[in-house]
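Encoded as C-alpha cells, the structure appears first; notes follow it.
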Amino acid sequence: MNLRNNRDLISNRPVIMGILNITPDSFSDGGSYFKGGGVVHALQMIDDGADIIDIGGESTRPGSDPVSTEEEIRRIIPVIRELSSVTDVPIAVDTMKPKVAEVALDAGADIVNDVNGLRSKGMLDVLSTGVPVVIMHMNGEPKTMQIGLTEGPITESITNFLRERISVAQDYGIKDIIVDPGIGFGKTVKQNIEIIDNISQFSLGYPVLVGLSRKQFLSKLYPETDRDDATVKMSMRAIQNGADIVRVHNVKAIASALRTSLYKNKN
C-alpha cells in the first residue's frame, strides 16, 4: 500500500490501528482527549505497538448525533498536523465527510477511513488522486442503526456491498483499498460473531480490517470479562480467521497478545 513520504505498512504480521477519538461523546473514551492530550496519547500508542493511528472527530456510536463539518475539522486538524510532524507512522482520518477528508489529507493524514463506504456525495472525487481508503459496511446510520435490527445470515449481503463499493472506487482510480465488514454497525450479536468467523470471505483480494474494540456485544458474550480482555480475545479470533488489521483502543494489550501468539507459533 503506497503512502505519502514513502511510508508503508508492515505486511508480515497483523497490523494494529490505534484509535484516537477527539470527541466528547464516543462510547468508550469520549472526552478523554477532547480538550487536549491527543498527540501525547497517539505517541504512547505508537510506543505500545500501533502501526496506524486512526483519528476521528465525530462519534459513530449507536444513537449519536452528527456534528458539522466545521466542528469536525476544528477538532481533528490541529492534532493531525502536529502528529504528522513528529512521526512517520501512517495517520488515518475517520470521517464520512468529503471536506473533512480533504482538509485532513492536506494536514498530513495518509488514509481515509470511511464508515459510510464512500457513499457521501463528493467523497470519491476527493479520493480520486489514489488516496488509500477503508471501505466499511454499515446498516443505516449511527443515529438509528441499532433500532429494528434484522436477524439472519449477513455475510453474503456484506460481501455484495463491499464488492460494489470496490468496483466504484476502482472506477475513480482508487487502488489501495482496505475493507471493513463493520462489526457492530447495525448488526446483532449473532451477526457480529458470524462476521468474525467468516473474515476471509470479505477480503475480495484486499486487506480486511476488524474494529470490535470495547463494543457492547462483547459484554453480552463475556459478561464477567473486562472489555479490553474481551477485545483481545475476539480480535485474536478474527486474526486467526484472516483479519489483517485490528482497530483497538488498548494497543498495548493486543500487541502483547500478538507477540505471545507469534512466539508460540515459532516454537
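For the sequence shown, the working numbering gives the first residue as 188, with consecutive numbering after it.
Every residue, glycine too, gets a C-beta built ideally from N, C-alpha and C.
These figures come from a predicted structure and were not determined experimentally.
Residue nearest to residue i in terms of C-alpha spacing, selected from the options
| i | options | result |
| --- | --- | --- |
| V165 | A294, G205, M188 | Past the boundaries of the shown model lies residue 165; the chain is included only from 188 to 454, so the question cannot be answered. |
| N379 | T316, P253, E338 | E338 |
| H324 | Q333, T418, V366, D312 | V366 |
| S390 | S406, S448, A425, D413 | A425 |
| P265 | T447, G295, V254 | G295 |
| Q231 | L449, N452, T274, S406 | T274 |
Proximity of residue i and residue j at Cβ, strictly below 8 angstroms
| i | j | result |
| --- | --- | --- |
| I209 | I298 | no |
| A440 | M423 | no |
| V318 | L349 | no |
| D431 | P201 | yes |
| V435 | F404 | no |
| G470 | A442 | Any question about residue 470 goes unanswered here, given that the chain covers just 188 to 454. |
| I345 | P368 | yes |
| I267 | V287 | no |
| N300 | V313 | no |
| D416 | R401 | no |
| T282 | E258 | no |
| I334 | V276 | no |
| L399 | I370 | yes |
Proximal residues to residue i (C-beta, below 8 angstroms), its chain only, five neighbours per side dropped
| i | result |
| --- | --- |
| N428 | I383, D384, N385, I386, S387 |
| L311 | L305, V355, A356, Y359, I361 |
| E289 | V313 |
| L408 | V376, I380, A417, M421 |
| T256 | K284, K286, V287 |
| S272 | G295 |
| T447 | none |
| L449 | R200 |
DSSP state of residue i mapped onto helix, strand, coil
| i | result |
| --- | --- |
| L464 | The shown model of the chain, from 188 to 454, leaves out residue 464, and the question about it has no answer. |
| V419 | helix |
| V280 | strand |
| I361 | coil |
| M204 | strand |
| G295 | coil |
| D212 | Low confidence applies to D212: its pLDDT is 49, below 50, so where it sits in the model is not reliable, and the reading given next is rough at best. Residue state, collapsed to three classes: coil. |
| I383 | helix |
| N300 | strand |
| K439 | helix |
| I432 | strand |
| M323 | strand |
| L396 | strand |
| D413 | coil |
| D367 | strand |
| F372 | coil |
| M525 | With the chain running from 188 to 454 in the structure shown, residue 525 is simply not present. |
| L305 | coil |
| I260 | helix |
| S354 | helix |
Same chain, Cβ closer than 7 angstroms to residue i, neighbours up to 5 away in sequence not counted
| i | result |
| --- | --- |
| L270 | V226, A229, I240, I278 |
| G327 | G373 |
| E381 | P340, I341, T342 |
| K362 | G317 |
| I364 | V320, I322, I353, A356, Y393 |
| T247 | V302, P329 |
| I203 | G236, A237, D238, V433, V435, V438, I441, A442 |
| L207 | Y220, G225, H228, A229, I240, D241, I242 |
| E351 | none |
Chain-order list of residues whose beta-carbon lies under 6 angstroms from that of residue i (same chain, five-residue window excluded)
| i | result |
| --- | --- |
| V397 | A425, A430, V433 |
| A254 | Per the sequence presented here, residue 254 reads as Val, with Ala not at that position. Cβ neighbours of V254 beyond the five flanking positions: E245. |
| V419 | A440, I441, A444 |
| V395 | V366, I386, F389, A430, D431 |
Taking the runs of the beta strand (DSSP E) that are 3 residues or longer, which of them lie wholly in the stretch 221 to 246?
Here the runs fully enclosed are 239 to 243.
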